[in-house]
Amino acid sequence: MTAIYNMNRDLAIDLVSKEDREIAETTEKYPHETETVRILGNWITVKATALDVSGSRARVKVTQYIPTRVYKAYKEYWDVLIETGERAARLYLVERLQALPEDKGAPKKLGQTMLLLGKEQGRWVVRPGWPERHAASQLADKADSLIPEKLGLTTNDYTDREALEQLPKLETAHQTYEQAVQMLAKAPGMDEESAQQQYKFSLRELERAIANAKAFSAYREEIDIRNLRRGESITGRPGVFGEVKNSGGRTVTKLYVRFYFLDASGTPVAEASHRPILATHSDDVPLKPNYAKKFGFRADDVTSEWGGDVDTEILSIRFAD
Numbered sequence: 072m073t074a075i076y077n078m079n080r081d082l083a084i085d086l087v088s089k090e091d092r093e094i095a096e097t098t099e100k101y102p103h104e105t106e107t108v109r110i111l112g113n114w115i116t117v118k119a120t121a122l123d124v125s126g127s128r129a130r131v132k133v134t135q136y137i138p139t140r141v142y143k144a145y146k147e148y149w150d151v152l153i154e155t156g157e158r159a160a161r162l163y164l165v166e167r168l169q170a171l172p173e174d175k176g177a178p179k180k181l182g183q184t185m186l187l188l189g190k191e192q193g194r195w196v197v198r199p200g201w202p203e204r205h206a207a208s209q210l211a212d213k214a215d216s217l218i219p220e221k222l223g224l225t226t227n228d229y230t231d232r233e234a235l236e237q238l239p240k241l242e243t244a245h246q247t248y249e250q251a252v253q254m255l256a257k258a259p260g261m262d263e264e265s266a267q268q269q270y271k272f273s274l275r276e277l278e279r280a281i282a283n284a285k286a287f288s289a290y291r292e293e294i295d296i297r298n299l300r301r302g303e304s305i306t307g308r309p310g311v312f313g314e315v316k317n318s319g320g321r322t323v324t325k326l327y328v329r330f331y332f333l334d335a336s337g338t339p340v341a342e343a344s345h346r347p348i349l350a351t352h353s354d355d356v357p358l359k360p361n362y363a364k365k366f367g368f369r370a371d372d373v374t375s376e377w378g379g380d381v382d383t384e385i386l387s388i389r390f391a392d
């Protein structure tokens, strides 16, 4: 069991069932492996805490332990994962583990799982469910490949407009992740809830991107950016001034817009992004249905090629409800 959880492939492969062994022998990637498990693997110890034998089959309840200081770093990893995404969280975990003192602290319970055992040629072997896990991993990889890299879903570095342009791919990726959940749930010791937990962050980010894209598509025509003009601030600096009206039935808390500065022929020569509505700002409020407000922002960096006209493109919308 320790060999399985510590990624000791050479030892573990001789202790698992034939169907699990066949998968392991034909794949380069350890079927049970994830990036996080590989990082933590050397620290994990396991203990069988319950055994139920029925003829040639058995169920073993396994408790996993890691040193207290490693456990604390692992808990911090999840906080970073929620805030910044998996890649940054893994880097954080590696750095935290490298900085730990030699004394890692007393063992602390990490979690529990159930392993199935069976007899092959008179000896007990473990059935960790590598075929199911491998198939689920392949589905998850397929889902990831469908997500355009520029969207950066794990860091929320994308706009609703970009998500809308890629909506079919995002929906297919979500469906593929759901298939991965169903496949992983078939593995011994797993169920749908624990399988869902495995992919919950990817599913959550996709669901959020899809929902925002659909809401954006349905509401963007309700936002009227009007009376745009070139002007000067009270200090004499050039800027763009205008009004925004909410003609729909929802309260808008954030509006993200790209402004294009046009030359005399109507060709863009520069652009800038601005949030005419940002309710999280201390001096701003949400824009309720049928409400309008004035806005303005500086345009110091725009060259003399700017003829004075401005075009707009709404990028993202957020709502109070």
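In our numbering, the protein residues as written are 72 to 392.
By construction, the Cβ of each residue, glycine as well, lies at the ideal position given by its N, Cα and C atoms.
No experiment lies behind these values; they were computed from the predicted model shown.
Can you name, in chain order, every residue of its own chain whose Cβ lies under 7 Å from the Cβ of residue i, other than the five neighbours on each side?
i	result
Leu152	Ala160 and Phe272
Tyr142	Lys179 and Leu181
Gln250	Leu210
Tyr290	Gly319, Arg321 and Ile388
Val311	Leu299, Arg301, Phe330, Gly367, Phe368, Ala370 and Val381
Thr230	Tyr327, Leu386 and Ser387
Measure the alpha-carbon distance for residue i versus residue j and round it to whole angstroms.
i	j	result
Val133	Val196	15 Å
Val87	Arg198	6 Å
Val323	Leu238	22 Å
His103	Arg204	At His103 the pLDDT is 45, less than 50, meaning the model places this residue with poor confidence and gives no usable figure here.
Asn317	Arg329	17 Å
Thr338	Val373	14 Å
Gln135	Trp114	10 Å
Lys240	Leu111	33 Å
Glu236	Ala121	52 Å
Gln269	Val252	8 Å
Leu349	Phe390	11 Å
Pro172	Gly193	45 Å
With a CB to CB cut of under 8 Å and the five nearest residues on each side skipped, what residues in its chain are close to residue i?
i	result
Ala71	For the chain, the structure presents residues 72 to 392; residue 71 sits outside this window and is missing.
Gly126	none
Leu377	A quick correction: the sequence has Trp, not Leu, at residue 377. Excluding sequence neighbours, Trp377 sits near Arg301, Phe332, Leu333, Asp334, Val340, Ala341 and Ala370.
Ile281	Ala234, Leu238, Leu241, Glu242 and His245
Pro309	Arg301, Gly302, Glu303, Arg369, Ala370, Asp371 and Val373
Classify residue i as helix, strand or coil using the three-state DSSP reduction.
i	result
His103	Its pLDDT being 45, under 50, His103 is placed unreliably by the model, and the measurement read from it follows with that caveat. In this structure, His103 counts as coil in the three-state DSSP scheme.
Asn113	helix
Glu303	strand
Gln135	strand
Leu386	strand
Thr243	helix
Glu276	helix
Asp91	helix
Arg308	coil
Ala119	strand
Asn317	strand
Met254	helix
Leu181	strand
Ile84	coil
Tyr270	coil
Trp195	strand
Leu162	helix
Leu333	strand
Which same chain residues end up closer than 6 Å to residue i when comparing Cβ atoms and leaving out the 5 residues on each side of it in sequence?
i	result
Tyr163	Val151
Glu314	Arg297, Asn298, Ala363 and Lys365
Pro259	Leu187, Arg198 and Gly200
Buried or exposed: residue i, going by 16 or more other Cβ atoms within 10 Å of its Cβ?
i	result
Glu278	exposed
Lys89	exposed
Lys325	buried
Thr306	exposed
Ala266	buried
Asp262	exposed
Ala206	buried
Counting beta carbon pairs with one atom in the region 286-303 and one in the region 337-346, are three or more of them shorter than 8 Å?
no
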